[in-house]
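Remarks on the structure that follows.
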Amino acid sequence: MPCILFEHKCRSSANRSDLAKRKGFCPEKTLWKKLYDRLPSHESTSEHRNCYTEWKSLKCSLSGKGLDSELRKQEKCEAEKWKAILRRILDVTLFLASRGLPFQGDSTLIGDVHNGNFLGTLELMGKYDEVIREHLAKIKAKQLDGGNMQGQAHYLSWKSQNEFISLCGDKVLEAILDERLKTIYYGIIADATPDISKIEQNVLILRYVFKNGCTEKFEVCERFLKFIDFNDKKGEDITLKILSALEELKIPLEDCRAQGYD
11 MPCILFEHKC RSSANRSDLA KRKGFCPEKT LWKKLYDRLP SHESTSEHRN
61 CYTEWKSLKC SLSGKGLDSE LRKQEKCEAE KWKAILRRIL DVTLFLASRG
111 LPFQGDSTLI GDVHNGNFLG TLELMGKYDE VIREHLAKIK AKQLDGGNMQ
161 GQAHYLSWKS QNEFISLCGD KVLEAILDER LKTIYYGIIA DATPDISKIE
211 QNVLILRYVF KNGCTEKFEV CERFLKFIDF NDKKGEDITL KILSALEELK
261 IPLEDCRAQG YD
């Protein structure tokens with residue numbers, strides 16, 4: 011049976027046994043007459059041994075004991091480890107962002123007191139959490155050896171921090187827009203201020219009345235939507251920027267009932 015299952019493994023052998031060929035098991039053939047005598051010689055062939063090994067490997071694999079099964083277990087374990095790390099990084103991101111705290115510091119080294127709130131909070135978490143402690147220990151060892159971390163996944167770089175913040179911001183904006191849909195009508199608040207690079211930024215805020223599902227009370231909500239960069243300060247230019255932002259966010263202008271500007 012193994013030789014029939016893995017016949018394709020020994021097709022390249024011109025002198026292989028008839029019992030390693032599919033036609034060797036056809037009832038109309040006379041090869042069956044001396045089957046008992048031919049089995050020992052067939053079992054001694056390299057083709058039979060190879061097919062037998064393939065069969066045993068397949069049997070172990072299907073029963074969860076093969077090498078590929080072990081590799082899948084290792085891959086699953088590794089995936090679960092990274093999921094746990096990313097969940098903790100996400101929690102730190104939400105914690106800092108919800109309190110308006112800066113993320114980065116003057117250093118990116120693990121253990122440096124000037125490495126910022128993000129890495130510092132993870133270090134604090136690592137005192138009580140084995141997953142983060144091991145992750146930070148590996149990175150710190152690499153940094154102490156002077157190794158280049160580029161190309162190695164650790165998700166603690168400033169790029170990863172910004173990506174987490176951006177993804178969280180997208181989810182918050184999505185929740186705000188869903189909330190706005192339930193209220194229908196809204197007001198616009200826009201205020202311009204220069205940032206640290208002296209680029210004029212317009213802050214776009216929605217104001218609406220929302221019924222809190224927990225308290226069953228109506229609440230006046232002001233939700234920040236986005237920053238709009240522009241240098242032109244004319245009323246027409248500001249209007250076009252706001253209209254463009256509302257269109258981008260798919261907020262209908264006809265539902266607007268109030269405007270507020272500074």
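Residue numbers for the sequence shown follow this note's numbering, beginning at 11 and rising by one. Just so you know, even glycine gets a beta-carbon here, dropped at the ideal spot from N, CA and C. Bear in mind that the values here come from a model prediction, so they are computed numbers and not experimental data.
Rounded Cβ spacing between residue i and residue j (contact assumed at less than 8 angstroms)
| i | j | result |
| --- | --- | --- |
| Asp201 | Asp272 | 4 angstroms |
| Arg217 | Tyr196 | 6 angstroms |
| Gly110 | His124 | Contact flag wrong, Cβ pair sits at about 20 angstroms. |
| Ile261 | Asn212 | Wrong, their Cβ atoms sit about 16 angstroms apart, outside the cutoff. |
Residue i to residue j span [Cα, whole Å]
| i | j | result |
| --- | --- | --- |
| Tyr62 | Ser54 | 11 angstroms |
| Glu3 | Ala147 | Given a span of 11 to 272 for the chain in the structure shown, any question on residue 3 remains unanswerable. |
| Gln269 | Glu189 | 19 angstroms |
| Asn25 | Glu85 | Any reading at Asn25 must be qualified, since the residue scores a pLDDT of 49, below 50, and its modelled position is unreliable; no value is offered. |
| Phe220 | Ser176 | 26 angstroms |
| Arg97 | Lys91 | 10 angstroms |
| Phe228 | Asn222 | 6 angstroms |
| Phe174 | Arg233 | 20 angstroms |
| Lys208 | Lys243 | 14 angstroms |
| Lys83 | Lys93 | 15 angstroms |
| Lys181 | Leu191 | 16 angstroms |
| Ser73 | Ser56 | 26 angstroms |
| Glu257 | Lys251 | 10 angstroms |
| Glu64 | Asp139 | 44 angstroms |
| Leu81 | His58 | 27 angstroms |
| Lys137 | Gly130 | 11 angstroms |
| Leu134 | Leu183 | 30 angstroms |
| Thr118 | Gln162 | 15 angstroms |
| Cys224 | Ala185 | 16 angstroms |
Beta-carbon contacts of residue i that lie in its chain and below 8 angstroms, excluding the five residues immediately before and after
| i | result |
| --- | --- |
| Ala255 | Leu214, Leu235, Lys236, Ile238 |
| Ile95 | Val141, Ile142, His145, Tyr165 |
| Ala178 | Position check: residue 178 holds Cys in this sequence, whereas Ala was assumed. Leu100, Thr103, Leu104, Ala107, listed in sequence order. |
| Ile149 | Ile120, Met159, His164, Leu166 |
| Thr203 | Glu210, Gln211, Val213 |
| Leu132 | Arg98, Ile99, Val102, Ile142, Leu146, Leu166 |
Selection from the options that minimises the alpha carbon distance to residue i
| i | options | result |
| --- | --- | --- |
| Glu264 | Ala107, Leu104, Ile198 | Ile198 |
| Arg267 | Ile206, Asp122, Thr193 | Thr193 |
Span of the beta strand (DSSP E) around residue i
| i | result |
| --- | --- |
| Thr203 | 196-204 |
| Lys236 | 228-239 |
| Tyr62 | No beta strand (DSSP E) contains Tyr62, which is instead part of the alpha helix (DSSP H) from 56-72. |
| Leu214 | 210-221 |
Close Cβ partners of residue i (< 6 angstroms) along its chain, the five nearest in sequence each way excluded
| i | result |
| --- | --- |
| Asn241 | Glu210 |
| Trp168 | Gln114 |
Continuous alpha helix (DSSP H) stretch holding residue i: start and end
| i | result |
| --- | --- |
| Leu154 | 140-154 |
| Glu264 | Looking at the DSSP string, Glu264 is not in any alpha helix (DSSP H), and its letter there is neither H nor E. |
| Leu174 | The question names Leu, yet the displayed sequence has Phe at residue 174. Looking at the DSSP string, the run of the alpha helix (DSSP H) that includes Phe174 is 168-193. |
| Asn127 | 126-136 |
| Lys251 | 245-258 |
Neighbourhood of residue i by C-beta, 7 angstroms cutoff - its chain only, sequence neighbours within 5 removed
| i | result |
| --- | --- |
| Leu259 | Leu187, Leu235 |
| Phe113 | Leu106, Gly126, Asn127, Phe128, Gln171 |
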